[in-house]
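Following: one structure in structure tokens, then a few remarks.
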Amino acid sequence: MGLDGVVAASTRLSRVEGEAGQLTLAGYAVEDLAPHASFEEVAYLFLHGRLPERSECAGFARSLAQRRVLPDAAVELLGAAARRKVPVMDALRMAVPLLSMSGTDNPLDNAITAIAAFPSIVGTYWRLRNGECPAGVRTDLPHAAYYLHQLFGTEPSAEQARALETYLNTVCDHGLNASTFAARVIISTQSDLISAITGAVGALKGPLHGGAPGPALEMVFEIGKPERAEAVIRAKLDRGERIMGFGHRIYRVRDPRADVLNQAAQRFYASNGSRGLYDLARSVEQTALRLLHEYKPGRRLDTNVEFYTALLLHGLGLPAELFTPTFAAGRVLGWPAHCLEQLREGKLIRPQSTYAGPVGLSYFQP
Ligand code: COA
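Right, dumping it as structure tokens:
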């Protein structure tokens with residue numbers, strides 16, 4: 041059950057090879073594409089099936105930037121949600137359907153609207169909830185820089201923007217994960233793209249999918265000094281606890297996204313002069329891998345994407361509560377691309393169930 045091992049779609053968008061530890065994004069290895077391409081280039085690649093020419097990329101970036109303004113109804117809703125202090129993912133899930141107010145009947149247009157709007161939604165909500173005014177829409181900033189501007193109200197450094205861009209590119213798609221599957225199921229009924237993305241946000245919200253990168257970092261902070269790593273991790277394993285940031289259902293070797301984010305974190309922490317936390321995390325990772333090998337021989341437990349996600353996003357100044365919404369701001373690239381693919385296929389996704397309930401009961405019998 042749970043559809044493990046079932047192939048439910050054919051896609052040109054991403055290939056996840058768990059045994060080899062490889063992730064291909066629309067033809068490119070994640071290590072090749074994510075740290076070097078702009079978010080706009082990757083978005084174009086996903087929506088159009090090829091990387092853009094320079095002029096196409098500039099035009100695409102302009103159309104993304106022009107769609108950053110949220111409908112008034114969405115801003116009002118975010119204000120009401122902020123007064124109730126709802127979690128950020130709930131605010132995002134409530135605001136996305138209101139993008140239909142500025143939507144059209146064209147799925148590609150709606151795809152660009154949704155991708156453009158996520159930074160505005162998350163940033164506006166975050167600031168309102170913290171009692172601050174929204175940062176105001178800027179159309180002159182590239183997408184990743186705009187996301188950080190929406191959160192913090194200031195223009196990020198080139199290093200900060202690049203680090204976030206690498207993260208968003210790295211997590212933009214990952215095979216038929218639960219939220220992408222949810223989006224494909226919804227659009228397969230010939231529903232609209234904004235409905236599909238709303239459903240996908242709902243699926244990503246769950247901790248079994250959107251994950252909890254926070255705990256991986258909490259462990260690093262709890263350890264505090266490299267020389268404490270062995271004792272703390274051993275105690276956790278002795279108590280039968282799981283070491284957060286290690287192990288993956290599909291990758292049986294190192295998650296390739298962990299490598300990309302590790303290198304991005306290394307570059308970023310070196311650039312802002314606070315290598316200490318990075319070095320501590322590296323030594324925690326080495327110790328954890330050694331002890332997991334000792335405690336779970338033959339289990340092939342390796343570092344997963346959450347470990348370096350936490351380190352990188354923390355370095356950018358994001359609190360743990362913003363980790364999953366920021367994941368959503370990356371994954372909102374894959375969702376509409378999958379929807380467009382599913383629409384081209386034109387087939388309703390309708391699996392079957394086996395009945396496990398009683399039969400032959402009589403309504404009239406006492
Ligand atoms: N720390 C310690 N032991 C772990 C472990 C971890 N992070 N991940 C798996 N194991 C152990 C299990 O205890 C189990 O051991 P046992 O057979 O002796 O009981 C064995 O490895 C297999 O566990 P299982 O739950 O079947 O593996 P899975 O592939 O289904 O689990 C995860 C995948 C992600 C749920 C799991 O690795 C985990 O809980 N990781 C920590 C949380 C995390 O980082 N989540 C983010 C994922 S991106």
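The working numbering puts the first residue of the sequence shown at 41, with every later residue one more than the last. Glycine included, C-beta positions come from ideal geometry on N, C-alpha and C. Just so we're clear, the structure is a prediction, and the values are computed from it rather than from any experiment.
Check whether the Cβ of residue 245 lies closer than 6 Å to any heavy atom of the ligand COA, and answer yes or no. no
N- and C-terminal bounds of the beta strand (DSSP E) containing residue 64: 62-65
How far does the beta strand (DSSP E) with residue 57 in it extend, from its first residue to its last? 54-57
Identify which residue in 392, 384, 390, 388 has its Cα closest to the Cα of residue 87. 384
Within its chain, find whatever has a CB closer than 6 Å to the CB of residue 346; leave out the 5 residues flanking it on each side and keep chain order. 251, 253, 256, 285
Determine the DSSP secondary structure at residue 68, reduced to helix, strand or coil. strand
Following a CB-centred definition, is residue 284 positioned closer than 6 Å to any heavy atom of the ligand COA? yes
Considering just the uninterrupted stretch of the alpha helix (DSSP H) at residue 259, what are its terminal residues? 253-263
Using C-beta distances below 6 Å, list every residue in its chain close to residue 351, excluding the 5 sequence neighbours before and after it, in chain order. 305, 321
Residue nearest to residue 108 in terms of C-alpha spacing, selected from 42, 327, 142: 142
DSSP three-state label for residue 179, please. coil
Between the Cα of residue 106 and the Cα atoms of 93, 145, 64, 183, which residue gives the shortest distance? 183
Tell me the rounded alpha-carbon separation between residue 77 and residue 95. 15 Å
Taking 6 Å as the line, does the beta carbon of residue 270 fall inside it for any heavy atom of the ligand ZN? Judged by which ligands are present, the ligand ZN is missing from the structure shown, whose ligands are the ligand COA.
May I ask you to list the residues that DSSP assigns as paired with residue 286? 343
For the stretch 231-245 and the stretch 65-77, state whether three or more C-beta atom pairs, one from each stretch, are separated by less than 8 Å. no
When you measure from the CB of residue 125 to every non-hydrogen atom of the ligand COA, does any distance come out below 6 Å? no
Taking only the alpha-carbon atoms, compute the straight-line gap between residue 172 and residue 162 and give it to the nearest angstrom. 13 Å
So, helix, strand or coil for residue 395, using DSSP? coil
Residue range of the alpha helix (DSSP H) that residue 159 falls in? 147-169
Which listed residue (211, 243, 65) has its alpha carbon closest to that of residue 223: 243
Relative to the alpha-carbon of residue 84, which residue among 129, 221, 53 has its alpha-carbon at the smallest distance? 53
Inter-residue CB distance, residue 56 and residue 373 (contact presumed, cutoff 8 Å): Between residue 373 and residue 56 the Cβ distance is about 16 Å, and since that is not below 8 Å, they are no contact.
Report the rounded CA-to-CA distance for residue 154 versus residue 99, giving the unit in angstroms. 17 Å
Which of the three DSSP states, helix, strand or coil, is assigned to residue 245? helix
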